[in-house]
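Enquirer: One structure follows; several queries about it will come next.
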Amino acid sequence: MPRWNPSHIPDQTGRCAVVTGANSGIGFATARELARHGARVVLACRNVARGEAALAELRREVPAAEAEFRRLDLADLASVRDFAAGLDSFDAVRLDLLVNNAGVMALPRGTTADGFERQFGVNHLGHFALTGLLLPRLLATPGARVVTVSSFLHALGGIAPDDLNALLSYGRWRAYARSKSANLLFVHELARRLAAIGSPVVAAAAHPGYAATNLQTTAPRMEGRRSAERLMELGNRLIGQSPEGGALPVLCAATAPHMKPDTFVGPRALLRGAPAPSPRAPWARDDAAAVRLWEASEELTGVHYDFTAGGGRRTA
Numbered sequence: 000m001p002r003w004n005p006s007h008i009p010d011q012t013g014r015c016a017v018v019t020g021a022n023s024g025i026g027f028a029t030a031r032e033l034a035r036h037g038a039r040v041v042l043a044c045r046n047v048a049r050g051e052a053a054l055a056e057l058r059r060e061v062p063a064a065e066a067e068f069r070r071l072d073l074a075d076l077a078s079v080r081d082f083a084a085g086l087d088s089f090d091a092v093r094l095d096l097l098v099n100n101a102g103v104m105a106l107p108r109g110t111t112a113d114g115f116e117r118q119f120g121v122n123h124l125g126h127f128a129l130t131g132l133l134l135p136r137l138l139a140t141p142g143a144r145v146v147t148v149s150s151f152l153h154a155l156g157g158i159a160p161d162d163l164n165a166l167l168s169y170g171r172w173r174a175y176a177r178s179k180s181a182n183l184l185f186v187h188e189l190a191r192r193l194a195a196i197g198s199p200v201v202a203a204a205a206h207p208g209y210a211a212t213n214l215q216t217t218a219p220r221m222e223g224r225r226s227a228e229r230l231m232e233l234g235n236r237l238i239g240q241s242p243e244g245g246a247l248p249v250l251c252a253a254t255a256p257h258m259k260p261d262t263f264v265g266p267r268a269l270l271r272g273a274p275a276p277s278p279r280a281p282w283a284r285d286d287a288a289a290v291r292l293w294e295a296s297e298e299l300t301g302v303h304y305d306f307t308a309g310g311g312r313r314t315a
């Protein structure tokens with residue numbers, strides 16, 4: 000893969016994209032670049048004030064942008080369903096690109112509105128449900144892609160199939176790693192199922208390396224751990240690349256021609272650099288584990304994918 004940069008993004012005019020977590024960091028940088036290249040973009044964010052502020056900033060930086068903000072709380076499946084149903088006013092059928100970017104990292108133990116362990120619930124289950132609910136649009140749109148943002152830290156641990164919600168034990172970094180491994184297993188199985196029906200929809204994954212965003216400081220700030228927050232801020236300054244740099248692998252996976260299904264794109268030097276194929280832990284390619292996670296995710300979310308002609312099925 001050549002040293003890819005935003006100048007390589009093909010014209011996105013006429014394409015529709017949804018980017019989760021687009022109010023800041025990598026999500027905002029991704030949405031802005033897609034809009035700059037002509038895509039119609041939905042900024043899907045939990046916080047209304049921040050989402051509207053991000054939309055205003057995007058329109059300031061890209062005056063010709065076709066963009067709008069829609070509220071999406073991945074920690075609440077009712078919000079996910081409402082978001083998916085409400086896209087009809089944006090475009091009744093078409094969806095060229097879904098970027099599953101939003102996430103939380105190393106939070107103290109907590110649960111989502113539906114009772115799932117928070118990191119697993121937001122990082123994996125919320126996006127699993129969203130993708131399933133939007134599947135009819137993706138299947139109906141020539142050249143559609145789903146890009147799910149994982150992390151190189153997935154290598155710290157695979158999923159625990161008998162303890163997906165970390166009821167038996169909880170470690171914040173272990174839970175984060177498991178949720179990011181779940182992202183990769185989801186992409187692996189989604190790509191397999193799309194291939195089985197001959198669908199040209201591409202499911203790929205990306206990771207930003209170490210990008211300096213508010214993801215690193217959120218948990219320490221929530222808990223009032225000022226020393227840990229300062230340490231994270233120092234790491235961001237000394238090691239982290241910019242959100243724009245972190246967004247490059249995501250944009251590459253989303254727009255580079257001839258992207259193969261189940262590709263995992265990250266910075267060439269792992270933490271930073273131009274996009275390149277990224278290594279993944281063996282368990283992130285485990286076919287049996289991917290199937291088990293898929294079936295458990297359908298049961299937990301109530302969203303059952305239907306890959307037959309005509310799209311998917313939405314269940315309550």
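Under numbering that gives the first Met the number 0, the sequence shown has 257 at position 258, and the numbering climbs by one with no breaks.
Every residue gets a Cβ at the ideal spot worked out from N, C-alpha and C, and that includes glycine.
For Ala66, report the span of its alpha helix (DSSP H) as first-last.
Expert: Counting from 1 along the sequence shown, the entry for residue 66 is found at position 67. Careful: Ala66 lies outside any alpha helix (DSSP H), inside the beta strand (DSSP E) at 65–70.
Enquirer: I'd like to check one pair, Gly26 with Ala83: are the Cβ atoms closer than 9 Å?
Expert: In the sequence shown, residue 83 corresponds to position 84, counting from 1. In the sequence shown, residue 26 corresponds to position 27, counting from 1. Against a cut-off of 9 Å, the Cβ pair of Gly26 and Ala83 comes out as no contact.
Enquirer: Quick check on DSSP: helix, strand or coil for Asn99?
Expert: For the purposes of this step, residue 99 is taken as residue 100 along the sequence shown, with counting starting at 1. The three-state reading of DSSP puts Asn99 in strand, counting E and B together.
Enquirer: Could you give the first and the last residue of the continuous alpha helix (DSSP H) run that contains Val40?
Expert: Start at 1 with the first residue of the sequence shown, and residue 40 comes out as number 41. No alpha helix (DSSP H) contains Val40, which is instead part of the beta strand (DSSP E) from 39–44.
Enquirer: Quick one: what's got a C-beta closer than 6 Å to Ala174's C-beta in the same chain, skipping five residues either side?
Expert: One-based indexing of the sequence shown puts residue 174 at position 175. These residues qualify, in order along the chain: Gln118, Ala165.
Enquirer: Using DSSP's beta-bridge definition, name the partner residues of Val18.
Expert: In the sequence shown, residue 18 corresponds to position 19, counting from 1. According to DSSP, Val18 bridges with Leu42, Val98.
Enquirer: Here's the rule: buried if 16 or more other CB atoms are within 10 angstroms of the residue's CB, otherwise exposed. What is Cys298?
Expert: Counting from 1 along the sequence shown, the entry for residue 298 is found at position 299. This sequence places Glu at residue 298; Cys is not what is there. Burial call: exposed.
Enquirer: When the Cα atoms are used, what is the spatial distance from Arg326 to Ala275?
Expert: Coverage of the chain is limited to positions 0 through 315, which leaves residue 326 absent and any answer about it impossible.
Enquirer: Suppose the cutoff is 6 Å on Cβ atoms and the five residues either side in sequence are ignored; what does the same chain contact list for Arg45 look like?
Expert: Sequence index remark: in the sequence shown, residue 45 carries index 46 (1-based). Excluding sequence neighbours, Arg45 sits near Asp72.
Enquirer: Counting beta carbon pairs with one atom in the stretch 271–289 and one in the stretch 112–129, are three or more of them shorter than 8 Å?
Expert: no
Enquirer: Would you identify the three-state DSSP class for Arg312, choosing helix, strand or coil?
Expert: Counting from 1 along the sequence shown, the entry for residue 312 is found at position 313. Confidence in Arg312 is poor, its pLDDT being 39 and thus under 50, which makes the residue's placement unreliable; the coordinate value appears in the next sentence. Note: Arg312 maps to coil in three-state DSSP.
Enquirer: Thr111 by DSSP, collapsed to three states: which one?
Expert: Position 112 of the sequence shown, counted from the first residue, corresponds to residue 111. If DSSP states are grouped into helix, strand and coil, Thr111 belongs with coil.
Enquirer: By the DSSP assignment, the beta strand (DSSP E) with Phe263 in it spans what residues?
Expert: Counted from its first residue, the sequence shown places residue 263 at position 264. That run of the beta strand (DSSP E) goes 263–266.
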